[in-house]
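Remarks on the structure that follows.
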Amino acid sequence: MEKISFTDLFNEGTIIKFTPNDLINKSNNDIQEFKKKLQLFEGQNPVIADFDVKNLSALINNETFF
Numbered sequence: 374m375e376k377i378s379f380t381d382l383f384n385e386g387t388i389i390k391f392t393p394n395d396l397i398n399k400s401n402n403d404i405q406e407f408k409k410k411l412q413l414f415e416g417q418n419p420v421i422a423d424f425d426v427k428n429l430s431a432l433i434n435n436e437t438f439f
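In terms of our numbering, the sequence shown opens at residue 374 and continues consecutively.
Structural data, given as C-alpha cells:
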C-alpha cells in the first residue's frame, strides 16, 4: 500500500488549518464536514486493497476544499 503524509493529500498551496488530531473532537463546522466526508470514503473503501490514495486526494481537493 502506498504511504502518503497528511499534507501531501492537499493541492500545493492549500492552507491546512487543522491536523489529523483535530478530526477527533474539533467543533469547527468545516472540520466536521470534512470528517463526515472522510468517514463516508472510509466506509466505501473498508478493505485496504480497495483503498486508493488518488481517490482520497480527489475527494479532499475537489469536494472538500473546492
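All C-beta atoms, glycine included, are put in the ideal place defined by N, C-alpha and C.
Check, Outcome
"C-alpha gap between Val420 and Ile388, whole angstroms", "30 Å"
"Length at least 4, wholly inside the segment 394-423: the alpha helix (DSSP H) runs in chain order", "395-398 and 402-417"
"Local conformation of Asn435 per DSSP, three classes", "helix"
"Phe407, buried or exposed, once every other Cβ within 10 Å from all chains shown has been counted against 16", "buried"
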